[in-house]
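Protein chains in written order, with the numbering used here: chain P, 285 to 699; chain U, 259 to 567.
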């Protein structure tokens, strides 16, 4: 199966991909704006962003289906900017699958190998079909397959060529939730097996986090932040990332002092928070502080105003007081319960509490105090737009169904 | 979409089937009622003439009768004599038909491709080009062919220029030659070739071409392996719509051709209307029909388009 592609790029283990100051404009519209990106060889890299953020255009420029207005594309160190798609050692799994309707499944999969004059094209194609467990459907036409099967054929058709980089353009977008979960697992397994560099474009934050080694969050043609999913989730550097990748409670605060590497911030709800200076983008003046909903603790307040369960915050070292408010919404989601708490002055904050069976039940209308650990807070620039990435959150359409239960899984993984 | 939705889908299809069965009793005649006008029309204007033609083709002359007097018979020799006398016209008609079809394909395919694919992003241009293809239909077939006689006449600009360029030797002419007949046939049938191909290419998914490029196929390979096979239904329809009427055509040969370039249609016409030899004319008509039918069936089978349609 070891294949060497034109231009001497060793396909085994994939090649690294480097985008150097790439821009793409369509008339007056800027799709990709001065983007620089390095995808390490053999990694599973996700480009995550809302629709229209330029992620698909970026992918198409790597595939050679779109020519950059400026900048260079390098695959395995070779500049391929001026080459056309059929000359590049990359293959794409298209969102629409784009299977050839006039050929059977086997011919579809063997297409790329035959174009490159491989001797045992048909045998390799059969092996690739076995890899995606569709060997028994080799003689069918794409039109006779289900969406999930077509998706696998598209994957086999791209993978069989052993490209230096495999491009995946929202390949799971058209599948239903259950099938998508299954394919997510399968894609990760296949990537482990073949070791090819995967560049996966998606608007589904959960998909990006579960599958990729590294995620670049894109917004308006630029990369907002790049890194391993845990890192992006734990320490988002912009409000867009904080809101788009998972959920965040963002509060506009004011730095009141710094002591021993810890920043003290006064919060609008009257609360006061301390967080490590290293986790803050600004260390003076105005600052936006944030915390993930599952890292906020609910402390029920007795009618007389005293804490109903003091043990809770002692147990978690939840030293930061985010304010006191009234529970306005309670949603049970199996693994966790999601609360929305209206804190006067600070707005509505959300809290995900794991349903461990031991915690005190909180009902709508209850008065609660919110607390969190200093190490769980992050600080963003003071002028950050608190609602950036909210309307476009990676949970639109079908994904909405997938992400609410997914959100309740997040504490387990990210914590 | 999901397995569940799939189940629901099949369940509802079943419901519909049951409803149809339940309500079906009284409605079963409806399709036949809708078919009736067409069937009656075909019976009167297609089936009856065919039967008449068949009987005519086997008639024998009335002994000592006048010109055009024939009696019912079973004279198969009408066929053998007709083929013996007129096979060169058959051969010529098939040749002209094939050449004209090939030329119409060579001209019509790129035309259809430009209109359907290249002009896709500009709807106004696409509409204008389509109108330009269809516009000749606003002028009668015969008039257009007569106009071509002017275009190809000895004193015409075309002939004068060709002579000036020494493409055409001095003293040569285009009218009354096979060139003129084939040119006329090609011209007259180009829209019949272009429109079905356009209809096929118009549905062509551009993303399939991108997939071809992504899978190492250059532009030419992408065309031969993806674009052309996917437009095959249009190509087959276009070639049939051109070849069948072109082979049986007699207007082009009558107006643009001479004695050496007349086609089987001209022979049938003169047998029917001038010589009043009905049996021979009918036998020739039948053989032309059968010949074209056999060729078309072989062609369609060879093109293997039934699975594409």
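Yeah, the Cβ is synthetic: ideal placement off N, Cα and C, and Gly gets one too. For clarity, every value in this text was computed on a predicted model and none was experimentally measured.
Express the C-alpha separation of residue j and residue i in angstroms, rounding to a whole number.
i                      : j                      : result
residue 408 of chain P : residue 624 of chain P : 55 Å
residue 565 of chain U : residue 420 of chain P : At residue 565 of chain U, the pLDDT of 47 sits below 50, so the modelled position is not reliable; the number obtained from the coordinates is stated separately. Whole-angstrom Cα-Cα distance: 21 Å.
residue 333 of chain P : residue 314 of chain P : 16 Å
residue 207 of chain U : residue 502 of chain P : Residue 207 of chain U is absent from the model: chain U starts at 259 and stops at 567.
residue 359 of chain U : residue 428 of chain U : 30 Å
residue 604 of chain P : residue 512 of chain P : 27 Å
residue 667 of chain P : residue 520 of chain P : 15 Å
residue 485 of chain U : residue 459 of chain U : 8 Å
residue 348 of chain P : residue 390 of chain U : 36 Å
residue 559 of chain U : residue 497 of chain U : 14 Å
residue 533 of chain U : residue 508 of chain U : 17 Å
residue 364 of chain U : residue 371 of chain U : 11 Å
residue 523 of chain U : residue 510 of chain U : 10 Å
residue 298 of chain U : residue 309 of chain U : 15 Å
residue 659 of chain P : residue 557 of chain P : 11 Å
residue 470 of chain P : residue 634 of chain P : 33 Å
residue 381 of chain U : residue 412 of chain U : 41 Å
residue 341 of chain U : residue 543 of chain U : 11 Å
residue 393 of chain U : residue 450 of chain U : 12 Å
residue 289 of chain U : residue 487 of chain P : 50 Å
residue 445 of chain P : residue 397 of chain P : 6 Å
residue 529 of chain U : residue 538 of chain U : 7 Å
residue 356 of chain U : residue 505 of chain U : 8 Å
residue 318 of chain U : residue 481 of chain U : 56 Å
residue 436 of chain P : residue 416 of chain P : 6 Å
Residue i lies in the alpha helix (DSSP H); which residues open and close that run?
i                      : result
residue 664 of chain P : That residue, residue 664 of chain P, is in no alpha helix (DSSP H); its beta strand (DSSP E) goes 661 to 665.
residue 447 of chain U : 436 to 460
residue 465 of chain U : 464 to 472
residue 616 of chain P : Per DSSP, residue 616 of chain P belongs to no alpha helix (DSSP H); it is in the beta strand (DSSP E), 604 to 616.
residue 545 of chain U : 536 to 561
residue 475 of chain P : 461 to 478
residue 295 of chain U : 288 to 300
residue 506 of chain U : 486 to 506
residue 523 of chain P : 523 to 528
residue 521 of chain U : Note, residue 521 of chain U: premise wrong, no alpha helix (DSSP H); not H, not E.
residue 402 of chain U : 399 to 410
residue 366 of chain U : 335 to 371
residue 437 of chain P : 431 to 443
residue 640 of chain P : Unbroken run through residue 640 of chain P: none, as it is neither H nor E.
residue 410 of chain P : 405 to 415
residue 512 of chain U : 509 to 514
So residue i is in the beta strand (DSSP E); what residue range does that whole segment cover?
i                      : result
residue 533 of chain P : 533 to 543
residue 483 of chain P : 481 to 486
residue 510 of chain P : 506 to 511
residue 452 of chain P : 449 to 453
residue 572 of chain P : 570 to 575
residue 419 of chain U : No beta strand (DSSP E) contains residue 419 of chain U, which is instead part of the alpha helix (DSSP H) from 415 to 422.
residue 379 of chain P : First-last for residue 379 of chain P: undefined, no H or E at that position.
residue 560 of chain P : 556 to 560
Measuring only between beta-carbons, confirm whether residue i sits less than 8 Å from chain B.
i                      : result
residue 559 of chain U : The structure shown contains no chain B; its protein chains are P and U.
- Message: In chain order, what are the residue ranges of uninterrupted alpha helix (DSSP H) at least 4 long that sit wholly in the region 309 to 373 of chain P?
- Response: 339 to 347
- Message: Would you call the region 359 to 377 of chain P in contact with the region 455 to 467 of chain U, where contact means no fewer than 3 C-beta pairs closer than 8 Å?
- Response: no
- Message: I'd like to know if the region 443 to 455 of chain P and the region 477 to 490 of chain P are in contact, where contact means that at least 3 CB-CB pairs between them fall below 8 Å.
- Response: yes
- Looking at chain U, which residues of the region 390 to 423 of chain P have a Cβ within less than 7 Å of any of its Cβ atoms? 395, 396, 399 and 400
- Task: Could you run through the region 486 to 510 of chain P and flag, in chain order, every residue whose CB is less than 7 Å away from some CB of chain U?
- Result: none
- Message: Under 9 Å, CB to CB, which of the residues in the region 484 to 507 of chain U have a partner in chain P?
- Response: 484, 487, 488 and 490
- What residues from the region 363 to 378 of chain U come within 9 Å of chain P, judged by C-beta to C-beta, listed N to C? none
- Query: Listed from N- to C-terminal order along the chain, which residues in the region 549 to 574 of chain P have their beta-carbon within a distance smaller than 8 Å of any beta-carbon of chain U?
  - Reply: none
- Item | Contact list for the region 467 to 484 of chain U against chain P, Cβ threshold 7 Å | 468, 469, 471, 472, 473, 474, 475, 476, 479 and 484
- Item | contact_flag[the region 430 to 450 of chain U, the region 335 to 352 of chain P] where n(CB pairs < 8 Å) is 3 or more | no
- Say whether the region 312 to 330 of chain P touches the region 458 to 470 of chain P, bearing in mind that this needs 3 or more beta-carbon pairs closer than 8 Å, one atom from each stretch. no
- Query: Looking at chain U, which residues of the region 336 to 366 of chain P have a Cβ within less than 9 Å of any of its Cβ atoms?
  - Reply: 344, 347, 348 and 349
- Message: Under 8 Å, with one C-beta from each stretch per pair, do the region 384 to 400 of chain P and the region 420 to 439 of chain P reach the 3-pair mark?
- Response: yes
- Query: So does the region 650 to 663 of chain P actually touch the region 575 to 586 of chain P, counting three or more Cβ pairs closer than 8 Å?
  - Reply: yes
- Query: Between the region 345 to 364 of chain P and the region 432 to 442 of chain U, do three or more beta carbon pairs fall short of 8 Å?
  - Reply: no
- Message: Tell me which residues of the region 438 to 469 of chain U have at least one Cβ-Cβ distance to chain P shorter than 8 Å, keeping chain order.
- Response: 463, 465, 466, 468 and 469
- Message: By the 8 Å beta-carbon criterion, what residues does the region 299 to 318 of chain P contribute toward chain U?
- Response: none
- Message: Give me the subset of the region 369 to 392 of chain P whose CB atoms are less than 7 Å from a CB atom of chain U, sorted by chain position.
- Response: 369, 370, 375, 376, 378, 380, 382, 384 and 386
- Counting pairs of beta carbons, one from the region 560 to 575 of chain P and one from the region 610 to 629 of chain P, are three or more of them closer than 8 Å? no
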